[in-house]
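Quick note: the working numbering has the sequence shown finishing at residue 405, numbered continuously throughout.
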Amino acid sequence: MSGFVFSEKPIQIERGEGVFVFDSSNEKYLDLGASYACVPVGHSHPGVVFEVTDQLSDLTYVQGSYPVSSRTALYERLGEVAPGSIGKVWLCNSGTEANEAAIKFARHATGRTKIVSTMMGFHGRTYGSLSATWKDEYREGYEPLVDGFEFVPYGDSEAIVDAVDDETAAVIVEPIQGEGGINAPSDEYLAAIRECTTDAGAAMIVDEIQTGLGRTGEFWAVDHADVVPDIVTVAKGIANGLPLGATLCRDWIASDAGNHGGTFSGGPLVSRAALATLDVIESEELVTNAQQTGAYLIDSINAAVGDSVRDVRGLGLMIGIQVPRGANSMLRELAISHNILALPAGRTVVRLLPPLILDETHVDQFVTAFEAVVNGSSDA
Ligand SMILES: *Cc1c(COP(=O)(O)O)cnc(C)c1O
């Protein structure tokens, strides 16, 4: 048997340490993709490894209806870091499940069906989340999708205000689009969504699955705009590589959310991993580091290759570089000739979502290599 969903890359990764991974020949790679932002505190962070191994020998899983100290502690910790007074949480295993729950909760709590989503948006690949996802390439051949979804251009306040009415259950939006190419709207955009959803009695769902946990230089990307949504979804790096998702809800959503559930909901192992991850983000001041190192990275790229690339954009350590040729061939060259791993976002954007522990020496290593690739002086 062999896997078939992913096309395999020609590097066999065996071990990770901080911002680096090592292949089967012990060749070292700078990991600026971090497997889609899944290791915010770095690979095999000793603090996380200790907590997870300690928990593993005590108790791996117990169903969600039994209180267990690690999960209770995570509920409390998430309450401390959640935007505004958001105080209720549903735990699951992935981003798409966190959004799936958000959509169900919003429909149940409002008694309405219409969901407004954005063009170029990405929210996951199960039917509800996929129905909120824009690109045809993810949807084709899987129809019929779920009814009631409507798309408006991203970043256009007027379009969203026009679309939201008294039949709207929710708006679902990324505060910065990730898969869509690292697109940041104005702060006014999120504020406008907040205002029109409140006026219409609809829920504002913000998908912070890629942007959350300090990635953009604030703990949540909505913090840049001082907006508190009704529902915030989190996943990817929250347990530093173990599968965990969370749907954070205001009381009015949680108190009328219907009958949702799942066998796996924040077991002791993933809860301890998430608690340890959140501790490291705080103790190592990684939100500030994301802001500072991200600014240095953008400045350095602009200084080195600003004239040769179309655009450098993003916030904190969520960065997109619009390149003049196919992103995939550049990524391949970066990996094979320079031992640097990064990600695409669409066909022409090189995307960086490194561990938040990245420092300026790593940035310098990347910029030197990237300059060589852009200028074609690489020997690949
Ligand atoms: C990755 C991602 C998802 C889906 O998360 P999965 O864990 O892959 O299901 C949803 N929304 C955004 C913004 C993402 O980046």
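For every residue, glycine included, the Cβ atom is placed at its ideal position computed from N, Cα and C. This one's a predicted model, so the numbers in the text were calculated from it and none came from an experiment.
Selection from 377, 347, 324 that minimises the alpha carbon distance to residue 333
As a position in the sequence shown, residue 333 is number 308, starting the count at 1. Minimum Cα distance to residue 333 is reached at 347.
Judging by CA-CA distance, which residue of 166, 269, 214, 157 is the nearest neighbour of residue 184?
Translated into positions along the sequence shown, residue 184 becomes position 159. Per the Cα distances, 214.
Minimum C-alpha distance to residue 395 - residue among 326, 308, 378
The count along the sequence shown starts at 1 and reaches residue 395 at position 370. When C-alpha distances from residue 395 are compared across 326, 308, 378, the shortest belongs to 326.
I'd like the span of the alpha helix (DSSP H) that includes residue 33, first residue to last.
Translated into positions along the sequence shown, residue 33 becomes position 8. Unbroken run through residue 33: none, as it is neither H nor E.
Distance CB(residue 141)-CB(residue 78) smaller than 7 Å
Looking up residue 141 in the sequence shown gives position 116. Looking up residue 78 in the sequence shown gives position 53. Contact: no.
beta-carbon residue 234 near ligand 1 non-hydrogen atom, thresh 6 Å
Counted from its first residue, the sequence shown places residue 234 at position 209. Flag set: Cβ of residue 234 near ligand 1.
Under three-state DSSP, which class holds residue 149?
Taking the sequence shown and counting its residues from 1, the one referred to as residue 149 is at position 124. Correct three-state label for residue 149: coil.
Please tell me whether, using a cut-off of 6 Å, the distance from the CB of residue 142 to the nearest non-hydrogen atom of ligand 1 is below it.
Against the sequence shown, residue 142 aligns to sequence position 117. Every heavy atom of ligand 1 is 6 Å or more from the Cβ of residue 142, so no.
Just mark residue 54 as buried or exposed, buried being the case when its beta carbon has 16 or more other beta carbons within 10 Å.
As a position in the sequence shown, residue 54 is number 29, starting the count at 1. Using a 10 angstroms sphere on the CB of residue 54, the tally of other CB atoms reaches 16 or more, which defines it as buried.
With 16 other CB atoms within 10 Å as the buried threshold, where does residue 255 fall?
In the sequence shown, residue 255 corresponds to position 230, counting from 1. With 16 or more other CB atoms across the displayed protein chains lying within 10 angstroms of its CB, residue 255 is buried.
Roughly how many angstroms separate the alpha carbons of residue 301 and residue 401, rounded to a whole number?
Here the question's residue 301 lines up with position 276 in the sequence shown. Here the question's residue 401 lines up with position 376 in the sequence shown. Approximately 43 Å, taken between the alpha carbons.
Closest residue to residue 303 among 33, 57, 49, 99 (Cα-Cα distance)
Taking the first residue of the sequence shown as 1, we reach residue 303 at position 278. For residue 303, the closest alpha carbon among the candidates 33, 57, 49, 99 is that of 99.
Suppose only complete runs of 3+ residues qualify. What are the beta strand (DSSP E) ranges in the region 154 to 215, listed by chain order?
174 to 177, 193 to 198, all fully within the region 154 to 215.
Let me check you understand the geometry: is the CB of residue 260 closer than 6 Å to at least one non-hydrogen atom of ligand 1?
In the sequence shown, counting from the first residue as 1, residue 260 sits at position 235. Within the cutoff, so yes.
Among 103, 122, 392, which has the Cα closest to the Cα of residue 296?
In the sequence shown, counting from the first residue as 1, residue 296 sits at position 271. Residue nearest to residue 296 within the set 103, 122, 392 is 103 (criterion: CA-CA distance).
Is residue 382 helix, strand or coil when you go by DSSP?
Along the sequence shown, read from residue 1 onward, the residue named residue 382 stands at position 357. Assignment of residue 382 by DSSP, reduced to helix, strand and coil, places it in the coil class.
What did DSSP end up calling residue 54 once you bin it into helix, strand or coil?
Taking the sequence shown and counting its residues from 1, the one referred to as residue 54 is at position 29. Under the three-state reduction of DSSP, residue 54 is assigned to strand.
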